[in-house]
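Protein chains in written order, with the numbering used here: chain W, 1 to 203; chain G, 1 to 690.
A short worksheet on the structure shown next.
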Amino acid sequence: MKKAVILLFILVSFSYGYTYNKLLLKAQASIFPKIIMLDKKLEGKLVEGKIIYTIVYEKNDYETALEIEKFIDEKYNGRFNDYAYKINLVEFADLSQETQASAIYSLNSENYIKKVAEIAEQKGVVTFSYDIDNLKNGLLFSLMLEKSTVLYFNKKNLHPYNINFVDSLYQIVKFVESKNDIQKNLYNKTLWFKNQNTAIAGL
Amino acid sequence: MYKTLNKQKKLTSILLLLASLLDLSAKTDEVLESISSELTYFNEIATATKQNEHYQPYIISVFQGKELEKLGISNLKEALGLVPGVDMATDNFNNQTPIFRGSNPSAYGQSKLLIDGVSVNNLFFDSYSEYLSFPIEMIKRIEIVRGPGSKTDGMNAYAGSINVITYAENFEGFESSDKLVFKYGSYDYIMGGFFKTYKTDDLKAFIDFFYQKDNKKLPSGLDGLSQGALGANNIPLSRSGNAPLWLKEYSLGVNLEYKDFFLKARMLEHTNGSAYGINLALPQESDRIKLPSYYLHLGYNKKIDNYKINIAAGIKQDAFDSYSKLAPDNLNLGGIIFEDGIYGEHFAKQQTLYQSSYIKYEGIDRHLITLGYRLAREETIDMVSKLSNRATGDVELVDYTETLPFFDKSAKRNIFIFSLQDEFQLNDNLSFIYGFNYEKTSRKDAGLEPRVSIVYQLDAKNIFKTIYSRSHRNASWQEMFTMNNRARVGSVNLEPEIVDAFEAAYIKKISSDSHFQTNLFYLLNKNQIYNSSSNPEYKNAMDTDIYGLELEYKGNISPLDQLYLNYSYVTGESDIKDEDRRESLSNIAHHLAKGYYIYNINRALSLSGVAKYVGSKSRVFGDTRQKVKAYSTFDTALHYKNKKYDFALTFSVKNIFNTAVKFPSAPNTYSEDYEQESRSFLIAFKKSFK
């Protein structure tokens, strides 16, 4: 029995798959659109004067993509600050250079994340990921519910893009330097704890 | 003139540019502030709902009610069956209690149950058997802390604590729908209930109600008379048959929030069959025990600058109320023949009044200091003790409340607890919590109890925790104040049980939604309270060292499923003080393995399975019966959710292979162990209203 249990644990440790945490989905749907506003070159990425927020998903995750769309619409009611927006739901398989996008939010996929990163790089748009693991495959931002709620940013992936964020954004993100190495930044002393356990990591 | 105009134009242009830049800067600040505020908001929800459980300074498992519903789990007891390191024990009242990590299975009160943050352990046993049937549909989430856990609010969790969160919890943007529930199942089980929320700008009101009953009875084997529980001369009167384990209960809960004030109240009327008889003679089918529980908790929360104040006060009442046939016809007690048997009515009503004040201060950089006290007055406020006439053997009840009480009606205890704790975040990877509880009571004191925990986040994927804590369990009313009873003799001089807990945990986050966790624990228990049929007086009889490990995995095999597995191992040794001997843990399963798998066939339909293995259990010293056998059970459930009409239907079969599930009986009581559920089914219907 003991051996069977240990074997089972070893086996499942290598298995792989996803479900979605609703709170995390909502947190990302609330916060990611605001980051788009901090791109100084946003004007150049508008499509017919609108921000196109493209959500890419696997076929099985269509309902999840719809839920995110619904939540964003309920929260933002058609406008991200001064800009009207449109949500574009696109299956990973259908994503191409021709897909309209001012920013791309990626749900989980085993095969398509690098493709999303490449297309976003060519289009020069910001990318967001549900899972932090996808930052190592070229996406830019993710958000985690840790002891604090932490906004992760892979600065290394920024260089090729036609993106220029306002400097103050870098005070509220935590940098991912390499695949598994999260830079150990100290908390911004003035903001720390005033935000009651909300991670605001500065350089 | 032209030059002046040109200069003015230039100045205007510069001013416009500056204004535009200032406007842009103001907008940027606004966006950044908004992001910060959202991060704070979601962090508060994640912390309150334990969705960042891995970073908490204790060993915790969290189960979501909706996921448990999909598995066909029916109530709190079944849900606790999934928790790593937790097994269940029972007694002749069918007073069931979870056993955390092998901690003293013969005593209640090893763990605390909180409903929406209010402690509901009854004073009589310090148990919460009456809440184990709480329907899962009324539960939003169950948070189970193994080990003493968080003790900053005057709660002395000893081996573990269970916090049941109902749908009264509601965050802006995360409102729960109102619901109506019906269930039908084996043993003629029926249940109906609902919950509803009402909100205005300042007021939030929540109400839940449920009614449930069943007609459960299970074979008992020969009753305790066969072992001489009522004297050797009465052994021939021993009977076997079906033990009445039926349930009938209803509950009404109310939560109100008005500005900074809140109220939490519940009335639970719980009645169950007399099970195996309070005197170990098989009772009649209609014999019953009532375990009502009522509480009213009032509070005030206020944030002023760097201070957060919480002031609360409450009243809790519970009772032990038994009416049953205690002994069979023709019982001979000291030469008196009770031709029509002995009947008895035993009633003891307890009340707890409490008041607490806590203040959190976050004005020191990287520190969160919590300071406060809790005062409680516990007492018996009513007691009735009636029996058939002991002098004549006549069956009619005689009031022995004054002359031969079963309980000390003047029982009382005052408790004062002072707590101080500092949560220190050295950096974003390393945090410390250190502090203490100091308790003074009108009985025996636990004194000073320190606690230190360290949480180290190596990176986004690897988290380490170490915890040292000392906690205690005060003796229960039964252990202190039972009188004139052959099987139980109370002692008011009992010292609190004390535990020094050393725990370490490693959490590997495999992805955002899957993790693997390993926990190691070493528990030094002192003054554990114990009694037995051969030595019925409750004593601080033993010191027990327990150690073990828990492995836990939650994740997926494919994007369409959910998998949860855990395994726990516990072992240890007790030092029996009066007898100068040591014995290994008895009535404890050294190995527990549990898990579930949910396969989402599509968005509407899911199929699931629950598997549980409970290892064999050694008997207590002197009990010559064979070990309690290991068992495995398998359950399955089909869950259908109709999004269009907002209803869900679950059909489940429990214990598919009809495995014999038995909890150990104490030696010299019932010769056979207490049989639990055989194969059963359950149908649940739930309708939501937006």
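Even for Gly, the Cβ is constructed at its ideal location relative to N, Cα and C.
Note that this is a predicted model, so its numbers are computed, not measured.
Reference residue i, options the options, closest by Cα
i	options	result
G:Tyr400	G:Ile369, G:Asn484, G:Pro98 and G:Lys526	G:Asn484
G:Ala446	G:Ile99, G:Gly393 and G:Arg470	G:Arg470
G:Gln350	G:Thr370, G:Ile417 and G:Phe320	G:Phe320
G:Ser442	G:Ser240, G:Glu495 and G:Gly372	G:Glu495
G:Tyr198	G:Ser34, G:Tyr258 and G:Asn332	G:Tyr258
G:Ser574	G:Ile337, G:Tyr596, G:Thr544 and G:Tyr343	G:Thr544
G:Asn493	G:Gln478, G:Arg486, G:Ala501 and G:Phe502	G:Gln478
G:Val455	G:Glu675, G:Asp500 and G:Ile507	G:Ile507
G:Ala505	G:Asn527, G:Leu549, G:Leu524 and G:His472	G:Leu549
G:Tyr361	G:Lys526, G:Gln421 and G:Glu30	G:Gln421
G:His297	G:Leu263, G:Thr166, G:Ile304 and G:Pro405	G:Leu263
G:Lys554	G:Ser514, G:Phe194, G:Val384 and G:His591	G:Ser514
W:Ile68	W:Lys147, W:Leu23, W:Asn137 and W:Asp94	W:Leu23
W:Ile72	W:Ala93, W:Leu89 and W:Ser168	W:Leu89
Classification of residue i by the beta-carbon crowding that lies within 10 angstroms, buried from 16 upward
i	result
G:Phe407	buried
G:Gly147	buried
G:Gly435	buried
W:Ile172	buried
G:Val83	buried
G:Pro450	exposed
G:Asp578	exposed
G:Arg581	exposed
G:Ile206	For the sequence presented, residue 206 of chain G should be read as Phe rather than Ile. Answer is buried; the Cβ neighbour count reaches 16.
G:Lys539	buried
G:Val86	buried
W:Glu63	exposed
For residue j and residue i, the rounded distance between their alpha carbons
i	j	result
G:Phe657	G:Glu379	47 Å
G:Asn310	G:Val610	41 Å
G:Leu180	G:Tyr522	45 Å
G:Tyr131	W:Asp82	53 Å
W:Asn180	G:Lys183	Model confidence at W:Asn180 stands at a pLDDT of 45, short of 50, so the residue's coordinates are unreliable; what they give is reported in the following sentence. About 48 Å.
G:Leu247	G:Phe210	13 Å
G:Leu649	G:Ile598	15 Å
G:Pro57	G:Ser632	33 Å
G:Asn429	G:Gln517	18 Å
W:Leu25	W:Met144	10 Å
G:Asp646	G:Leu252	24 Å
W:Ala103	W:Tyr53	5 Å
G:Leu282	G:Thr90	16 Å
G:Ser356	G:Ala313	6 Å
G:Asn332	G:Glu345	20 Å
G:Asp202	G:Lys196	17 Å
G:Leu607	G:Ile601	7 Å
Nonlocal neighbours in the same chain, by C-beta distance under 7 Å from residue i, ignoring five residues either side
i	result
G:Gly65	Ile136, Ile139, Lys140 and Arg141
G:Ser220	Ser240, Gly241, Asn242, Ala243, Tyr276, Leu282 and Tyr670
G:Ser678	Asn655 and Asn658
For residue i, the residue or residues it bridges with in DSSP
i	result
G:Val384	G:Phe347
G:Ala648	G:Lys641 and G:Lys686
G:Phe42	The partner list for G:Phe42 (beta bridge, DSSP) is empty, contrary to what the question assumes.
W:Asp39	W:Phe165
G:His270	G:Glu249
W:Thr127	W:Ile104
G:Gly314	G:His297 and G:Tyr354
G:Phe707	The requested residue 707 of chain G is not part of the displayed model; chain G covers only 1 to 690.
Neighbourhood of residue i by C-beta distance below 6 Å, restricted to the same chain and skipping five residues each side
i	result
W:Asn134	Ile113
G:Ile115	Val164
G:Ala107	Ile529
G:Lys654	Asp635 and Ser680
W:Phe128	Phe32, Tyr105 and Phe141
G:Glu53	Ile60 and Val62
G:Leu520	Ala504 and Leu549
G:Ile381	Lys349 and Gln351
Residue i beta carbon near the ligand SAH (any heavy atom closer than 6 Å)
i	result
G:Leu218	This structure lacks the ligand SAH, and indeed carries no ligand of any kind.
Same chain only: Cβ atoms within 8 Å of residue i, ignoring 5 sequence neighbours per side
i	result
W:Ile182	Residue placement at W:Ile182 is flagged as unreliable, the pLDDT there being 40, under the threshold of 50; a coordinate-derived value is accordingly withheld.
W:Leu139	Ser106, Ile113, Val116, Ala117, Ala120, Thr127, Phe128, Ser129, Asn154 and Asn157
W:Val166	Leu38 and Lys40
W:Ala84	Gly49, Lys50, Ile51 and Gly78
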